[in-house]
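K.L.:
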Amino acid sequence: MHTLITGGAGFIGSHLAEALLEKGRRVTVIDDLSTGSIHNIEPLKNNKNFKYVIDTIMNKPLLSELVDAADVVFHLAAAVGVKLIVESPVRTIETNIKGTELVLECANKKKKKVIVASTSEVYGKGNHTPFREDGDLLLGPTVKGRWSYACSKMIDEFLSLAYWKEKRLPVVVVRLFNTVGPRQTGQYGMVIPSFVKQALLGHPITVYGSGKQSRCFTHVKDAVKALIALSEQPEAVGQVFNLGSVHELKIEDLAKLVKEMTQSQSEIKHIPYEEAYEEGFEDMQKRVPDISKLQKLIDYKPAHSIQDILKDVIEHHRNGVPL
Ligand code: UDP
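The sequence shown begins at 129 in my numbering and counts up by one.
1. Is G379 near ligand 1, going by C-beta to nearest heavy atom under 6 Å?
2. Per DSSP, what kind of secondary structure is I396 in: helix, strand or coil?
3. So what does DSSP say about H203, is it helix, strand or coil?
4. When the Cα atoms are used, what is the spatial distance from L377 to M129?
5. Look at the alpha carbon of K173 and the alpha carbon of G141, and state the distance between them as a whole number of angstroms.
6. Considering only residues of the same chain and omitting the five flanking positions on each side of L328, which have a CB-CB separation below 8 Å?
7. Please report how far the alpha carbon of L204 lies from the alpha carbon of V195, in whole angstroms.
8. Could you tell me the distance, in whole angstroms, from the CA atom of L148 to the CA atom of E407?
9. Would you say Y180 touches ligand 1, meaning its beta carbon is less than 6 Å from a heavy atom?
10. According to DSSP, is R219 part of a helix, a strand, or is it coil?
11. With C-beta atoms as the reference, is F305 less than 7 Å away from S248?
12. Who does L377 pair with in a DSSP beta bridge?
13. L191 and V231 look like a contact to me (Cβ under 8 Å); what is the Cβ gap, rounded to whole Å?
14. Any chance the CB of Q315 is under 6 Å from a heavy atom of ligand 1?
15. I need the straight-line Cα distance from G69 to S342, nearest angstrom please.
16. Sorry if obvious, but does the Cβ on N370 come closer than 6 Å to a heavy atom of ligand 1?
17. Where do the N-terminal and C-terminal ends of the alpha helix (DSSP H) with V348 fall, by residue?
18. Taking 8 Å as the threshold, find out whether the segment 427–438 comes into contact with the segment 362–370 through three or more Cβ pairs.
19. K349 to D440, Cα distance in whole Å?
20. Closest to Y316 by C-alpha separation, out of H331, S162, H167, G330, would be which residue?
21. Taking the CB atoms as reference points, tell me whether I356 and S276 lie closer together than 7 Å.
22. What is the C-beta distance between N370 and P417, in whole angstroms, given that I count them as a contact (C-beta under 8 Å)?
23. With DSSP collapsed to three states, give me the class of K429.
24. For N236, which three-state DSSP category applies?
25. Can you give me the C-alpha to C-alpha distance between I379 and Q435, rounded to a whole angstrom?
26. Note down the Cα distance separating V250 from V302, rounded to an integer number of angstroms.
27. Cβ of M318 within 6 Å of any heavy atom in ligand 3?
28. For Y458, which residues does DSSP report across the bridge?
29. Specify the secondary structure class of P189 as computed by DSSP and reduced to three states.
30. Judging by CA-CA distance, which residue of F409, I169, I426, L422 is the nearest neighbour of K211?
31. Considering only heavy atoms of ligand 1, does any lie closer than 6 Å to the CB of T220?
32. For T184, I'd like the list of residues in its chain whose CB is within less than 7 Å of its CB, leaving aside the five on either flank, ordered along the chain.
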């Protein structure tokens with residue numbers, strides 16, 4: 129079994145590559161290192177079943193060749209991170225839409241199965257938690273840049289499902305909720321690596337807004353296990369799945385936990401959203417997945433608590449990863 133991972137040098141992609149190699153699979157990664165890092169795949173380079181190509185998925189002849197050589201494709205290449213989205217909206221929209229179009233087009237030639245990574249962002253401002261896959265999606269206006277990410281991923285979902293419906297291309301859409309763990313960078317605004325880095329450096333831990341907003345955090349190892357299980361489940365084809373944890377944590381409590389677990393002297397500082405992102409920025413107050421659909425199909429029991437996650441992330445940063 130040969131797997132192609134687009135965005136395979138990224139945070140989730142590199143963990144996925146590692147897990148597949150551990151199962152004895154052949155893995156090829158394509159990544160343009162825009163948000164991924166060569167360090168993420170460094171330890172995999174000695175594995176004879178591992179190959180990587182540093183290039184963009186917009187290189188259609190190359191992508192086509194790589195897809196042809198694979199049995200299954202995990203499409204993870206995307207512009208991610210709220211900060212990046214707010215700062216580089218053109219790149220976000222173009223990478224997410226054109227990139228997915230190309231992957232699906234190439235996969236369709238020989239009907240290669242594609243697992244498309246989507247995001248809980250598509251639920252937008254909806255407040256009917258827990259979010260179900262068949263629930264309505266509620267986005268804000270186009271003048272607020274944040275929503276372009278959700279919208280671009282919704283187009284990816286529509287297109288993937290259309291390829292299944294119209295052309296019988298086997299696709300599985302997975303909406304990943306806040307997935308965290310070692311190797312995630314805080315560079316694009318993600319909260320856990322940002323807080324851990326701030327705490328270890330003794331800098332203020334920056335809680336945006338009231339800190340009463342909550343998220344459910346999943347260890348990347350749990351997420352990757354579920355992604356692989358879904359890819360192997362024929363019944364998943366043509367469907368959308370939430371993938372995440374159901375344990376809610378307020379961001380202010382996360383800040384306290386990080387401070388405690390790092391034994392940091394950092395102060396916890398509240399920063400208004402308009403200062404953290406941009407004027408008029410809208411945040412989600414709550415984001416909890418309904419994972420019953422996923423659990424009906426695969427054996428999914430997240431093994432890592434938030435304490436396990438933080439322990440791994442803190443250790444990763446302490447082990448000489450550049451802060
Ligand atoms: N957040 C924060 N401080 C930071 C980075 C993020 O308080 O330094 C907040 C952010 O406003 C959001 C939550 O943490 O409410 C999760 O942010 P992240 O960007 O990790 O994920 P997402 O917003 O996509 O859920």
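Every residue gets a Cβ at the ideal spot worked out from N, C-alpha and C, and that includes glycine.
P.N.:
Taking the geometry as given:
1. Reading off the sequence, residue 379 comes out as Ile, not Gly. I379 Cβ: within cutoff of ligand 1.
2. In the structure shown, I396 sits in a strand (DSSP, three-state: E or B).
3. In this structure, H203 counts as strand in the three-state DSSP scheme.
4. Rounded to the nearest whole angstrom, the C-alpha separation of L377 and M129 is 39 Å.
5. The alpha-carbon atoms of K173 and G141 are separated by roughly 14 Å.
6. Closer than 8 Å at the Cβ level, and outside the excluded window around L328, lie T390, S392, I442, H445, R446, L451.
7. CA-CA distance, L204 to V195, rounds to 14 Å.
8. For L148 and E407, the distance between alpha carbons rounds to 43 Å.
9. Result no, Cβ not under 6 Å from ligand 1.
10. DSSP places R219 in helix when its eight states are reduced to three.
11. Yes, these two residues count as a Cβ contact at 7 Å.
12. As DSSP reads the structure, L377 sits in a beta bridge with R343.
13. Rounded to whole angstroms, the Cβ separation of L191 and V231 is 7 Å, and the two are in contact under 8 Å.
14. For ligand 1, not one heavy atom lies less than 6 Å from the Cβ of Q315.
15. Since the first and last residues shown for the chain are 129 and 451, residue 69 lies out of range.
16. No - ligand 1 has no heavy atom lying nearer than 6 Å to the Cβ of N370.
17. Per DSSP, the continuous alpha helix (DSSP H) segment holding V348 begins and ends at 348–359.
18. Two segments are said to touch when three or more pairs of C-beta atoms, one from each, lie closer than 8 Å; by this definition the segment 427–438 does not touch the segment 362–370.
19. Approximately 11 Å between the Cα atoms of the pair.
20. Of the candidates H331, S162, H167, G330, the one whose C-alpha sits nearest the C-alpha of Y316 is S162.
21. Going by C-beta atoms, I356 is not nearer than 7 Å to S276.
22. Correct: roughly 4 Å between the Cβ atoms.
23. K429: coil per DSSP, three-state reduction.
24. Reduced to three states, the DSSP call for N236 is helix.
25. C-alpha separation (whole angstroms): 14 Å.
26. Going from the Cα of V250 to the Cα of V302 covers about 11 Å.
27. Ligands in the displayed structure: ligand 1; ligand 3 is not one of them.
28. The structure shown does not extend to residue 458, since the chain spans only 129 to 451, so no value can be given for it.
29. It is helical.
30. Of the residues F409, I169, I426, L422, the one whose Cα lies closest to the Cα of K211 is F409.
31. No; taking the cut-off as 6 Å, the Cβ of T220 has no heavy atom of ligand 1 nearer than that.
32. Within the same chain, D160 come within 7 Å of T184 by CB-CB distance, once the 5 residues on both sides are set aside.
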